[in-house]
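Notes for the one structure printed next.
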Amino acid sequence: MSTFIAGFTLSFSLILAIGSQNAFILKQGIKRQHVFVVCAVCALSDAVLISLGVAGFGAIVKQYPAIETVARFGGAVFLILYAFLSFKSAFGTRHAMSAEGESQHSLLKTVATCLAFTWLNPHVYLDTVVLLGSISTQYQSEQLQFGMGAVAASFVFFFSLGYGARMLAPVFKRPRAWQVLEFLVGVMMLSIAIILVKGV
């Protein structure tokens, strides 16, 4: 059980920081648009990556750094485009939406965006595949329990964030709140893109 808790605690601490993926989930939760699907996609993606890391794929990523490079620049391009859309929304005329949001995107588009935030983010690979995969080797015969704990943390975190965001809904009934959120998300996406390009 202690190994499960170790995996849970480490995984939870790694995904706790607000990043591009978490900001997207937060927005979907506030707008109450495809929340379950978005949380499930993120959690299941993490589960796949953590499983690969525990299974030893992290060693392959270290051996072939080109994988990380492609993900880094691909992720940067995606984040720059998303930042542009956020700034456009913040300073445009359509930023005034209610919590339920009239400008609801299709399920397919939402899932595609969610997958892009997950799979085009090299930090996700470093955290789940490389870091968690490397640390899991310390537990030898209990690697499965460590991996299960890490996967459980992802499900708990993403669903808590997605559905917990609803408590902020009253604040975002005001157009100015959406405007500020869109601007801050744009700044965050652009900042992360710059960090990725610099390779920090």
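-2 is the number of the first residue of the sequence shown in our numbering; add one for each residue after it.
Ideal placement from N, C-alpha and C gives every residue a C-beta, glycine not left out.
Predicted, not measured: the structure shown is a model, and the values here were computed from it.
Does ALA119 pass the burial test, meaning 16 or more other C-beta atoms within 10 Å, or should it be called exposed? The residue asked about is misnamed: residue 119 is Pro in this sequence, not Ala. Burial call: buried.
Nearest to ALA166 by alpha carbon, out of TYR61, LYS28, PHE75? Among TYR61, LYS28, PHE75, the Cα nearest to that of ALA166 belongs to LYS28.
Can you grab the Cα-Cα spacing for the pair ALA80 / MET(-2), in whole Å? Linking ALA80 to MET(-2) through their CA atoms gives a straight-line distance of about 42 Å.
Taking just the CA atoms, how far does LEU11 sit from LEU112? Going by the C-alpha atoms only, they are around 19 Å apart.
Can you tell which of ILE132, GLU179, LEU178 has its C-alpha closest to the C-alpha of GLY53? In this structure, ILE132 is the residue among ILE132, GLU179, LEU178 with its C-alpha nearest to the C-alpha of GLY53.
Cβ neighbour criterion (16 or more within 10 Å) applied to PHE143: That one is buried.
Considering only residues of the same chain and omitting the five flanking positions on each side of ALA73, which have a CB-CB separation below 6 Å? Excluding sequence neighbours, ALA73 sits near ALA190, LEU193, VAL194.
Taking all protein chains shown into account, decide if TYR61 is buried (16 or more other Cβ within 10 angstroms of its Cβ) or exposed. Looking at its Cβ environment, which holds fewer than 16 other Cβ atoms inside 10 Å, TYR61 is exposed.
Would you mind stating whether PHE5 and GLY130 have Cβ atoms separated by less than 9 Å? Taking 9 Å as the Cβ cut-off, PHE5 and GLY130 do not qualify as a contacting pair.
So what's PRO119 in DSSP terms, helix, strand or just coil? DSSP places PRO119 in helix when its eight states are reduced to three.
Taking only three categories from DSSP, how would you classify SER103? SER103 falls in the coil class under three-state DSSP.
Buried versus exposed, by CB contacts within 10 Å (16 or more), SER188: Its Cβ having fewer than 16 others within 10 Å, SER188 is exposed.
Please classify TYR61: does DSSP put it in a helix, a strand, or coil? TYR61: coil per DSSP, three-state reduction.
With 16 other CB atoms within 10 Å as the buried threshold, where does LEU117 fall? Counting Cβ neighbours within 10 Å, LEU117 comes out buried, since at least 16 surround it.
Collapsed DSSP secondary structure at GLY89 in the structure displayed: Three-state result, GLY89: coil.
Hey, which unbroken runs of the alpha helix (DSSP H) at 4 residues or more fall wholly within the region 113 to 187? The alpha helix (DSSP H) runs of length 4 or more contained entirely in the region 113 to 187 are, from start to end of the chain, 130 to 133, 140 to 161.
Taking the straight line between their C-alpha atoms, what separation do you get for THR125 and GLY50? For THR125 and GLY50, the distance between alpha carbons rounds to 6 Å.
Rounded to a whole number of angstroms, what is the C-alpha to C-alpha distance between VAL45 and PHE154? Cα to Cα, VAL45 sits roughly 16 Å from PHE154.
Please report the straight-line C-alpha distance between GLN135 and LEU128, rounded to a whole angstrom. Rounded to whole angstroms, GLN135 to LEU128 spans 12 Å at the Cα level.
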